[in-house]
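One structure is given below, encoded as structure tokens.
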Amino acid sequence: SDLVLFFWVNQSKSLFISLSFMLMFLIKMPIFLFHYWLPKAHVEASLEGSIILASIFLKLGSYGVYRVLAVLESLLNFYKIYFMIFFLVSSVLVSGFCCLQVDLKMLIAYSSIVHMSFMMVALMSFLKFGYFSILIIMISHGLCSSGLFFLVNLIYQRLLSRSIIIIKGLIFIMP
Numbered sequence: 598s599d600l601v602l603f604f605w606v607n608q609s610k611s612l613f614i615s616l617s618f619m620l621m622f623l624i625k626m627p628i629f630l631f632h633y634w635l636p637k638a639h640v641e642a643s644l645e646g647s648i649i650l651a652s653i654f655l656k657l658g659s660y661g662v663y664r665v666l667a668v669l670e671s672l673l674n675f676y677k678i679y680f681m682i683f684f685l686v687s688s689v690l691v692s693g694f695c696c697l698q699v700d701l702k703m704l705i706a707y708s709s710i711v712h713m714s715f716m717m718v719a720l721m722s723f724l725k726f727g728y729f730s731i732l733i734i735m736i737s738h739g740l741c742s743s744g745l746f747f748l749v750n751l752i753y754q755r756l757l758s759r760s761i762i763i764i765k766g767l768i769f770i771m772p
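Heads up, the sequence shown is in the working numbering, so the first residue is 598 and it goes up one at a time.
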């Protein structure tokens, strides 16, 4: 009955409420303009903290957006192109940030933001294929980012550095 009352509100209030629900979960997701703290959190965290943050905590926001947009699809259908453009442009911008990184943990954190932006583009398509693909992206990103943080920790334990500049020629010295 509460859901029925939600849709009885006029269009402008209903849009405001739906955008508020989306904003609530977008703050939890690694999305451009909402997660300036994420790369620094990964750099400061231990291996276990980075793995849990990347694989579990950041996916809670993604799952929340997935569940909320299933209900609010009819309200946001008109605005979906604007959201898709925003997320595509933000993924290109953050990809540029990735190219400028010298710390491996920062690189993985920024690439996480890029992956979640592409996931939001697929979600905003409001297609069944898009819904299926974001579930695959969430699972695969959780596994891959955890593995990457583990590998960065192995490099750090052996060389005491995560800098790409320092470790770039080590493939020739040590296998």
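Positions of the beta carbon are idealized from the N, C-alpha and C atoms, including for glycine.
Cut-off 8 Å between Cβ atoms - residues of its own chain near residue i, not counting five sequence neighbours on either side
i	result
cysteine 695	Leu704, Tyr707, Ser708 and Val711
phenylalanine 769	none
Close beta carbons around residue i, own chain, < 7 Å, minus the five adjacent residues each side
i	result
methionine 771	none
serine 743	Ile648, Ala651 and Ser652
methionine 626	Leu655, Gly658, Ser659, Val662 and Met713
methionine 681	Val718 and Met721
valine 640	Asp700, Lys702 and Met703
leucine 757	none
8 Å contact criterion, which residue i and residue j should meet: CB distance rounded
i	j	result
leucine 745	leucine 666	Not a contact, Cβ separation roughly 28 Å.
leucine 685	valine 718	6 Å
arginine 759	lysine 702	6 Å
leucine 623	phenylalanine 631	6 Å
isoleucine 764	isoleucine 752	6 Å
methionine 716	isoleucine 731	5 Å
asparagine 674	phenylalanine 723	7 Å
Status (buried if at least 16 other CB within 10 Å, exposed otherwise) for residue i
i	result
phenylalanine 747	exposed
glycine 658	buried
arginine 755	exposed
lysine 656	buried
phenylalanine 726	exposed
methionine 619	buried
phenylalanine 613	exposed
valine 689	exposed
leucine 767	exposed
serine 671	exposed
serine 615	buried
serine 687	buried
Per DSSP, cross-strand counterpart(s) of residue i
i	result
serine 760	Asp700
Cutoff 6 Å; reference residue i; Cβ partners in own chain excluding five residues on either side
i	result
isoleucine 761	Val699
asparagine 750	Leu644
valine 635	The displayed chain sequence assigns leucine, not valine, to residue 635. Hits under 6 Å: Pro627 and Ala706.
valine 691	Phe629, Tyr707, Ile710 and Val711
histidine 738	His712
Helix, strand or coil at residue i [DSSP, three-state]
i	result
histidine 632	coil
tyrosine 707	helix
lysine 765	coil
asparagine 550	There is simply no residue 550 to check, as the chain begins at 598 and stops at 772 in what is shown.
methionine 621	helix
phenylalanine 723	coil
alanine 642	coil
leucine 751	helix
methionine 626	coil
Near the ligand FAD: residue i beta-carbon under 8 Å from a heavy atom
i	result
tyrosine 728	The ligand FAD is not part of this structure, which contains no ligands at all.
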